[in-house]
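Residue numbers (our numbering): 493 to 984.
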């Protein structure tokens, strides 16, 4: 496998599979479309596994590098590579795509081929974002991945899907245009679009601050950070289950990844100078959005606000500039990918049966769906940061890093353990426990073998990462140390 262009494969295999699925045409061939989509998703996962098995954890630099000329006039190259920071996200994307295809197997009945193709193509494009080492290549993948998600929300979403899709697209597009301006400015200074060359570029403090804010607008919207988070609850509520899963598990991570690949290494002095501003926004997200989640009546909206709160932990961990914080942020990103995907899939299981996401419409679900209730309870506990689940590991590491930076950062961040338990367990109590609430709940059937497989795979991931996080942390350690040492060196 070592001679193969692995990163090109993880990008183009899902995209090619998506095109093949589209070619099946109308819903008369829905069965063929589903099978092809599953084969394509599994193939995408299989070609991504060697990235982990052949990864050299002792090396801090880029691995599996591919480079060839693309737009020679502007010195734009097709340049791919991964380090310990980006590699895990490609695996997470490929794994999540398989789950999304399985989750939509019977639920999606109209435009099946187009639905499956949208998620396969989006998977390849998101892998491209994590692997790109050329600024323009990164930007192309970054913008292109919006299109399948826009279609997924706008075509297969809920009653207000068009409003939610347009709001999602406008928020993310406007932020991205400032990133393009910053990339063009960096090109004018360096004569290249190579991201790694940008890292070595000497910039004045004024230049760094302006570039930092240009990138900040693009990445903060994607995370999303408070106060540019308002598109996310709308998008989640209206999106089909698969759309919510990919949005929470992968797309939010792209913003945080951008901070690590662009903002910190290109503008290290500005990053340090403005860290208090970012930390303040992060802590507002952790505390305030946690309180907002408490009053939600819609399960999807509650989990959406929960995602914003947990991503506040990630940006906090990144901008306290120590190993515990940064590695904790990365672990939290992967863990949140598993947990948020699982929570949205659980809501999807209930919605497929009752066509309601309102907490008040449920009660006593455990009496009719005991296996589902066990899964839902496990994922709720993980969302609350219970030890031995993946949710605990990242939060604990970020709190440890925060204590090194400032006791009050850690104190406020740790409040999420209380708020998280409050809103998550309050929801589970009302939905799962107690007497059977009504005749609709009385008629519920427990999970099907397909649903059991999807939730079971996520349960293994959540528990495996919680009990033994070393395989995740050891591959990122050298790259994190390298990034922190680079950020510590002033460019002025």
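By construction, the Cβ of each residue, glycine as well, lies at the ideal position given by its N, Cα and C atoms.
- Residue 739 is not a Cβ neighbour of residue 837, given a cutoff of 9 Å.
- Using a 10 angstroms sphere on the CB of residue 921, the tally of other CB atoms stays under 16, which defines it as exposed.
- Residue range 815-846 is occupied by the alpha helix (DSSP H) that includes residue 819, with no beta strand (DSSP E) assigned at that position.
- Excluding the 5 residues flanking it on each side, residue 672 has same chain C-beta neighbours closer than 7 Å at 631, in chain order.
- Burial check for residue 520: the Cβ neighbour count within 10 Å stays below 16, so the residue is exposed.
- Between residue 549 and residue 506, the C-beta gap is not smaller than 9 Å, which leaves the two residues out of contact.
- Taking C-alpha positions only, residue 706 is separated from residue 771 by approximately 18 Å.
- The alpha carbon of residue 884 has as its nearest neighbour, out of 976, 704 and 908, the alpha carbon of 908.
- Sorting 719, 797, 820 and 943 by C-alpha distance to the C-alpha of residue 891 places 820 at the top.
- Burial of residue 725 is indicated by the presence of at least 16 other C-beta atoms within 10 angstroms of its C-beta.
- Closest by C-alpha distance to residue 635, out of 649, 650, 646 and 619, is 619.
- Distance check between residue 871 and each of 951, 933 and 600 places 951 closest, using alpha-carbon atoms only.
- Taking every protein chain shown into account, the CB of residue 788 has 16 or more other CB atoms within 10 angstroms, so this residue is buried.
- Across the set 502, 499 and 529, the C-alpha of 529 shows the shortest separation from the C-alpha of residue 510.
- If you check the CB distance, residue 903 and residue 783 do not come in under 9 Å.
- The continuous beta strand (DSSP E) containing residue 560 extends over residues 555-563.
- Look at the beta carbons and you see the stretch 792-809 not touching the stretch 970-977: under three pairs across the two are nearer than 8 Å.
- With a cut-off of 8 Å on Cβ pairs, the stretch 683-691 is not in contact with the stretch 740-749, counting fewer than three such pairs.
- According to the DSSP assignment, residue 965 belongs to the alpha helix (DSSP H) that extends over 962-980.
- Between residue 617 and residue 536, the CB-CB gap reaches or exceeds 9 Å.
- Taking a contact as a CB-CB distance under 8 Å, the pair residue 579 and residue 614 does not count as one, their CB atoms being some 19 Å apart.
- The residue among 573, 701 and 856 with its C-alpha nearest the C-alpha of residue 553 is 573.
- Residue state for residue 574 is assigned as strand, using DSSP reduced to three classes.
- Buried is the label assigned to residue 824, since at least 16 other Cβ atoms lie within 10 Å of its Cβ.
- Membership of residue 900 in the alpha helix (DSSP H) is indicated by the continuous run 899-924.
- Within the stretch 575-600, the complete alpha helix (DSSP H) segments at least 4 residues long are 579-595, listed from N- to C-terminus.
- Around the C-beta of residue 828, 16 or more other C-beta atoms lie within 10 Å, and the residue is accordingly described as buried.
- Excluding five sequence positions before and after residue 655, the CB atoms of its chain that fall closer than 8 Å to its own CB belong to 726 and 730, given in chain order.
- Annotation: residue 696 to residue 663 spans about 30 Å, alpha carbon to alpha carbon.
- Taking residue 965 as the centre and dropping the five residues before and after it, the same chain places the C-beta of 819 and 823 closer than 7 Å to its C-beta, in chain order.
- Distance from the CA of residue 928 to the CA of residue 622, rounded to the nearest whole angstrom, comes to 46 Å.
- The DSSP-derived three-state label of residue 568 is strand.
- The alpha carbon of residue 700 has as its nearest neighbour, out of 711, 677, 735 and 712, the alpha carbon of 677.
- Contact annotation: the stretch 842-850 touches the stretch 923-938, with at least three C-beta pairs closer than 8 Å.
- Only residues of its own chain outside the window of five on either side were considered, and among them 718 have a CB closer than 8 Å to the CB of residue 780, listed in chain order.
- Taking 9 Å as the cut-off, the beta carbon of residue 715 is found no closer than this to the beta carbon of residue 588.
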